[in-house]
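Asks: Going by this note's numbering, the sequence shown opens with residue 847, and the numbers climb by one from there.
Note that CB positions come from ideal geometry on N, CA and C, so glycine has one too.
Values in this document were obtained by computation on a predicted structure and should not be read as measured data.
Take a look at this one; I'll ask things after.
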Amino acid sequence: MFDNKSILITGGTGSFGHKYTKTLLERYKPKRIIILSRDELKQYEMQQIFNQSCMRYFIGDVRDFDRLVQAFKDVDYVIHAAAMKQVPAAEYNPMECIKTNINGAENVIKAAINNNVKKVIALSTDKAANPINLYGATKLASDKLFTAANNMVGSSETRFATVRYGNVVGSRGSVVPLFKKLVKQGATELPITHPDMTRFWITLQQGVDFVLKNFDRMQGGEIFIPKIPSIRIADLAKAYAPHLKHHIVGIRPGEKMHEIMCPGDDSHHTIEFDDHFVITPSIRFFGKEHDYSTNELGEEGQLVESGFEYHSGNNQDFLSTEEIISMDEAK
């Protein structure tokens, strides 16, 4: 579906943008891939890797509505990956997080509608489910905005959906690069927040593939959630340095012991498919009736039991230390 199409990625110089661009170039023949971000150095560095004739690099910020309107001209598909993501940074700079993650989301929505973009997928996070930190709260607000946007389109064919998943193996800000760095520097112990802490675990390529698939699946208004394994933080440290002791540093401000992707309070809106869940809109879309139990690919799902929760602590699939290493190598 991306052959001869124009695709724009906000925050496109990040880990996701690099992998998504690489995948698009390998599998499709896009007309344009537009990387929109505010960091000129990262854009310069990315241009050294991806310099194909279809590549375009736009300096811009999702806080700037006028710039987005200009950048979205003649664009078919948008992936909204730009966000302020670091939990502690968001706690200490709350207004900056709100301006990017909430106001920026609103600007992306309005610019997409103004330019009749066909489909928009916003990247979310497990921290948006039952949030306890500002980052998660702003992403929950963003999720709600992208769902409600399907009521704002009027006669336009623009559709909006959201993808929510957990920690990405080896991404910037992940604990994995830190562990590797400490081991390389000859550390005698590894810092872990809590031995019982768990997280959902997904590779960057799996995340990219899931987003690609959901452009085909989406009807508009869904929150797509992949079925992925969990890891224990203590097992993660053991996987990279089985010979080192662990130093318990405590849970940081805004962190949870376990992460949730499908809250129990949303169980009456949650449909289970073979390899993913969909949280359907809690609001009605005027003039549009969707049967979310069957998606645009013809895949069929079933409503989960009342009170069902999908969180990293009760997940049926936990990675062993060997599988953690194997997943890292496959990323």
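Could you name the residues of the same chain whose beta carbon sits closer than 7 Å to that of D965, not counting the 5 residues immediately before and after it, in chain order?
Replies: At residue 965 the sequence reads Lys, which differs from the Asp that was named. Counting only Cβ-Cβ distances below 7 Å, and skipping sequence neighbours, we find Y923, R1005, F1061, M1064.
Asks: Excluding five sequence neighbours on each side, which residues of the same chain lie with their C-beta closer than 7 Å to the C-beta of K826?
Replies: Shown here, the chain extends from 847 to 1177; a query on residue 826 therefore has no answer.
Asks: At the level of alpha carbons, what is the spacing between L854 and L1143?
Replies: Roughly 23 Å separates the two Cα atoms.
Asks: Quick check on the DSSP output: the beta strand (DSSP E) that includes P1109 runs from which residue to which?
Replies: Looking at the DSSP string, P1109 is not in any beta strand (DSSP E), and its letter there is neither H nor E.
Asks: Taking the alpha helix (DSSP H) that L1143 belongs to, which residues open and close that run?
Replies: Careful: L1143 lies outside any alpha helix (DSSP H) and carries neither H nor E.
Asks: DSSP has P1072 in a bridge; who is on the other side?
Replies: DSSP output for P1072 lists H1122 as bridge partner(s).
Asks: Excluding the 5 residues preceding and the 5 following N953 in the sequence, name in chain order all residues of the same chain whose CB lies nearer than 8 Å to its CB.
Replies: V908, R909, D910, F911, L914, listed in sequence order.
Asks: Looking at C-alpha atoms only, which residue of G1012, I1074, N1013 is the closest neighbour of N1120?
Replies: Sequence check: residue 1120 is Asp here, not Asn. The residue with the shortest Cα to Cα distance from D1120 is I1074.
Asks: Based on the DSSP output, what are the partners of Q1148 in its beta bridges?
Replies: In DSSP, Q1148 forms a bridge with E1118.
Asks: Using alpha carbons as the reference points, say which of R1045, I905, I879 lies closest to D1163.
Replies: It is R1045 whose Cα lies nearest to the Cα of D1163.
Asks: Taking 7 Å as the cut-off, does the CB of R1098 come closer than this to any heavy atom belonging to the ligand ATP?
Replies: Inclusion of the ligand ATP in the displayed structure is not the case, the ligand content being empty and no account of it being possible.
Asks: State buried or exposed for N850, treating a residue as buried only when at least 16 other CB atoms are found within 10 Å of its CB.
Replies: With fewer than 16 Cβ atoms within 10 Å of its Cβ, N850 is classed as exposed.
Asks: Roughly how many whole angstroms lie between the Cα atoms of K985 and S861?
Replies: So the two alpha carbons sit approximately 19 Å from each other.
Asks: Is Y1156 helix, strand or coil when you go by DSSP?
Replies: DSSP places Y1156 in strand when its eight states are reduced to three.
Asks: Contact between the region 888-899 and the region 924-935: three or more CB pairs below 8 Å?
Replies: Contact fails: fewer than three Cβ-Cβ distances are below 8 Å.
Asks: Taking its Cβ as the centre, do 16 or more other Cβ atoms sit within 10 Å of M941, making it buried, or is it exposed?
Replies: When all chains shown are included, M941 counts as exposed.
Asks: What residues match up with A1007 in a beta bridge as DSSP calls it?
Replies: Its beta-bridge partners are I967.
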